[in-house]
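Some notes on the structure that comes next.
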Amino acid sequence: MPIRNKNSNSHPGSLSFAEYHKTLYERVMKPHQRDWLDSILAGDTMILGARQIGKSWLVAYAAVLLALGTRGENVRIPAQDVLVISADQKRAMNIIKEVNTHLRKIKQYVGDVSHKTQGGLQTAVLHNNRKIQSVSGRSLSLQGFTGHVIIDELAITQSDPDELFAQALAVTSSKEFLRIVVCTNADRRGSFVDDLFNNENDEWLTRREGFKISKINIHDAHPKLTARLMKVQKAVSSPKWKQYYLNEFISGQAGFFDPATIQLKDQELEGSTWISVDPGFSATGNPTGIVIARVSPSQCHVIASERWWAVPELEQVERLKKLYKEYGANRMILDAGAGGNLMCQKLVREVNLTKYNVNRNKTNAYFLKAKSLIEDGVITFGSGARSLREDLLDIEIGKSGDYLAPQIPDASGGKRHADCAFALTYIIPDIGNRQSTRPMEILGSGRGIYDHVGESGKWANKPFSGL
16 MPIRNKNSNS HPGSLSFAEY HKTLYERVMK PHQRDWLDSI LAGDTMILGA
66 RQIGKSWLVA YAAVLLALGT RGENVRIPAQ DVLVISADQK RAMNIIKEVN
116 THLRKIKQYV GDVSHKTQGG LQTAVLHNNR KIQSVSGRSL SLQGFTGHVI
166 IDELAITQSD PDELFAQALA VTSSKEFLRI VVCTNADRRG SFVDDLFNNE
216 NDEWLTRREG FKISKINIHD AHPKLTARLM KVQKAVSSPK WKQYYLNEFI
266 SGQAGFFDPA TIQLKDQELE GSTWISVDPG FSATGNPTGI VIARVSPSQC
316 HVIASERWWA VPELEQVERL KKLYKEYGAN RMILDAGAGG NLMCQKLVRE
366 VNLTKYNVNR NKTNAYFLKA KSLIEDGVIT FGSGARSLRE DLLDIEIGKS
416 GDYLAPQIPD ASGGKRHADC AFALTYIIPD IGNRQSTRPM EILGSGRGIY
466 DHVGESGKWA NKPFSGL
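Below you can see the structure in the form of C-alpha cells.
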C-alpha cells in the first residue's frame with residue numbers, strides 16, 4: 016500500500032492519508048482499478064478500457080498520489096507535478112473536479128486558482144506546492160514541462176496520437192521515477208492506437224517494451240451487466256458498443272445485415288427440422304455455433320441458436336445427439352474443417368449427417384443470399400434465436416464488398432466470430448430448393464442419406480428427402 020512521502024507537507028487537521036487510501040483501495044476500488052493503480056505506481060502503463068468502468072476516477076486518484084509522492088515496499092516516487100492530457104476542456108475540468116474531491120478529503124486542497132481558459136488548462140494546487148494540471152489534448156502543452164504525464168483518451172485527443180505519445184515519452188525519460196500513463200478506448204482498425212496495442216510487428220513490440228498493458232472490457236469489469244448498461248447496449252449501435260464497451264477496433268464499415276429485418280418472433284412452419292453446426296473447442300477462441308431451424312421447400316424459420324464455450328469434442332457429440340432427438344430433427348449439417356471431421360465420424364451412425372466444407376467465396380455468396388432471403392421474409396427468426404441475431408449483426412461489409420466477421424469479446428471469456436451466423440450459411444443453399452445442386456457429401460445411416468458424385472454437383476440417385 017502506498018504511504019505519503021515523508022517530505023510531503025501535511026496540513027493541520029488532515030485525515031490520515033494511509034487510512035483514506037486503505038478505505039479506497041479495499042472498499043471502493045474494483046479489482047481492475049486496484050490492478051491499474053498498482054501498475055501505475057510500479058512503472059509505465061497502458062490501459063485499453065471500456066467506458067463506465069472508472070478510468071477517469073482512477074486517473075484522478077493516481078494523479079494525487081503521484082503529486083503527493085508515495086513510497087511502499089518496492090517503490091519510492093518523490094512528489095512531482097502531474098500533467099493530464101484530456102480530450103477536450105470539459106474532460107479536463109472533470110479530471111480536476113475529481114482531483115479536488117480527493118484533495119479536500121485529506122485537507123490538501125489549496126482553494127480556487129485561476130484557470131487559463133484558452134487551451135482549456137485546469138489546475139489544482141497542493142499544500143506541498145505541487146500542481147496537477149489537466150489540459151485539452153495538444154502535444155504543445157508538454158513543451159517545457161517536467162513531471163508525470165497521464166494521457167486520458169489517446170484515441171480522441173486533438174493532437175496526432177503518435178506525436179503526443181512521443182512527446183510524453185520525452186518528458187518522462189529524464190528521471191527513472193517519472194511515470195507515463197496512457198488510457199484510451201478502442202479506435203479504428205489500422206489506427207495508431209490499434210497498432211500501439213495490437214500490432215505484433217517488431218517495431219511495435221519494441222515501442223511497447225517497458226509498459227504494462229491492461230485490456231479491460233465491460234464484461235471484465237461487470238461480469239453481470241447492470242440494468243443501466245443493458246439499456247445502453249440496446250440504445251447504441253452495434254459498432255459503437257463493440258468499440259466503446261468491448262474494446263474492439265472497428266472497421267468503420269456498415270453492417271452487412273439490417274437490424275430491422277432480423278426480428279425475433281415465433282411462428283409455426285410445416286417442414287423438416289435441421290441442425291447446423293459450426294464447431295469450436297477453445298475456451299479463448301471461437302465457440303461452437305449451432306442453429307436449429309424448420310425448413311420447408313420455400314421457407315426457413317430458425318427455432319433456436321446456441322453457443323457452446325470450451326466444450327470437449329466427446330461432450331459436444333453427446334449434446335448434438337441429444338438435440339437431434341429433442342427436436343425430432345431430420346438432418347444435421349456440420350462443418351468438416353477445424354476438427355469437425357472427427358465429430359462427423361462419431362455422429363455418422365446416429366444422425367442423418369451432411370458434411371460441409373467451408374471456403375470464403377462460398378460463404379460470402381451464401382451471406383449475400385441470406386441477406387436477400389431475410390429481407391424477403393423467407394428466413395425468419397424465433398425467440399430462441401438471439402445468439403444468431405447477435406452474430407448476424409456482428410457481420411460487417413468489407414472494403415471489397417464482401418463480409419467481415421470480427422472477433423467480439425464475450426462475457427463467457429472467449430471471442431465470438433459470428434459462429435451461429437456461419438452455421439446458418441450451411442443451410443442457405445438448400446432453402447427453396449427441392450433438389451440441391453451444391454457439391455456436398457452426405458453421410459449417415461438413416462432416411463435420405465445419399466452419396467455425392469460428379470463435378471456437376473447432382474446427387475447420384477435422388478434428392479435429399481428430408482423436405
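Residues 16 to 482 (the numbering used here) make up the sequence shown, in order. Virtual Cβ for every residue (Gly too), placed ideally from N, Cα, C. As the structure is a computational prediction, the values presented were derived from the model and not from experiment.
Quick check: the Cα distance between residue i and residue j, rounded to an integer number of angstroms?
i       : j       : result
Val-251 : Tyr-260 : 10 Å
Ile-233 : Lys-257 : 10 Å
Phe-32  : Thr-187 : 26 Å
Leu-284 : Thr-276 : 19 Å
Gln-450 : Pro-444 : Reliability of the predicted coordinates at Gln-450 is poor, the pLDDT of 42 falling under 50, and the value obtained from them is presented with this limitation in mind. Distance between the alpha carbons of Gln-450 and Pro-444: 10 Å.
Ala-351 : Thr-303 : 13 Å
Asn-109 : Gly-295 : 45 Å
Pro-421 : Ala-438 : 16 Å
Ala-75  : Leu-141 : 14 Å
Ser-485 : Ser-291 : Here the chain comprises residues numbered 16 to 482, so residue 485 is not present and cannot be evaluated.
Thr-378 : Tyr-418 : 9 Å
Thr-138 : Val-197 : 20 Å
Val-114 : Gln-331 : 53 Å
Leu-335 : Ala-170 : 45 Å
Glu-178 : Arg-145 : 26 Å
Ile-62  : Pro-46  : 14 Å
Gln-95  : Arg-86  : 13 Å
Arg-243 : His-237 : 12 Å
Ser-151 : Gln-182 : 15 Å
Tyr-40  : Tyr-124 : 21 Å
Pro-93  : Glu-34  : 20 Å
His-117 : Ser-149 : 15 Å
Gly-205 : Thr-199 : 15 Å
Arg-309 : Ser-71  : 50 Å
Arg-66  : Ala-433 : 24 Å
Asp-209 : Ser-402 : 28 Å
Glu-341 : Val-366 : 13 Å
Phe-192 : His-163 : 9 Å
Arg-119 : Val-247 : 33 Å
Lys-190 : Glu-263 : 35 Å
May I ask you to report which of helix, strand or coil DSSP gives residue i?
i       : result
Arg-364 : coil
Met-347 : strand
Trp-323 : strand
Phe-271 : coil
Phe-396 : strand
Asp-167 : strand
Ile-442 : coil
Glu-218 : helix
Thr-172 : coil
Thr-38  : helix
Ile-389 : helix
Tyr-124 : strand
Thr-161 : coil
Ile-68  : coil
Arg-204 : coil
Lys-384 : helix
Lys-377 : helix
Ile-457 : For Ile-457, the predicted structure reports a pLDDT of 43, less than 50, and the residue's modelled location is therefore unreliable. The matter cannot be settled from this model.
Lys-112 : helix
Lys-190 : coil
Name the two residues that bound the continuous beta strand (DSSP E) containing residue i.
i       : result
Thr-138 : 137 to 140
Ile-100 : 97 to 101
Met-61  : 60 to 64
Thr-199 : 195 to 199
Gln-278 : Unbroken run through Gln-278: none, as it is neither H nor E.
Ser-151 : 146 to 151
Lys-230 : 227 to 231
How close, in whole Å, do the beta carbons of residue i and residue j come, if the pair is a contact with beta carbons under 8 Å?
i       : j       : result
Asp-50  : Ser-229 : 7 Å
Ile-165 : Val-97  : 7 Å
Leu-305 : Glu-328 : In the sequence as presented, Leu is not what sits at residue 305; that position holds Ile. No, Ile-305 and Glu-328 are not in contact; Cβ-Cβ is about 14 Å, not under 8 Å.
Leu-408 : Pro-274 : 6 Å
Asp-167 : Ala-102 : 7 Å
Ile-442 : Cys-359 : So it is not a contact: roughly 17 Å between Cβ atoms.
Val-363 : Ile-446 : 24 Å between Cβ atoms; not a contact.
Gly-429 : Ile-231 : About 16 Å; that fails the 8 Å criterion.
What residue does the alpha helix (DSSP H) around residue i start on, and which one ends it?
i       : result
Leu-211 : 207 to 213
Lys-336 : 328 to 341
Asp-409 : 401 to 409
Asp-53  : 46 to 57
Would you mind listing the beta strand (DSSP E) stretches within the stretch 283 to 323 that are 3+ residues and don't spill past its ends, in chain order?
287 to 293, 303 to 311 and 314 to 323
At 3 residues or longer, and completely inside the stretch 237 to 263: list those beta strand (DSSP E) runs for me, N to C.
Taking 3 residues as the shortest admissible run, the stretch 237 to 263 contains no complete beta strand (DSSP E) segment at all.
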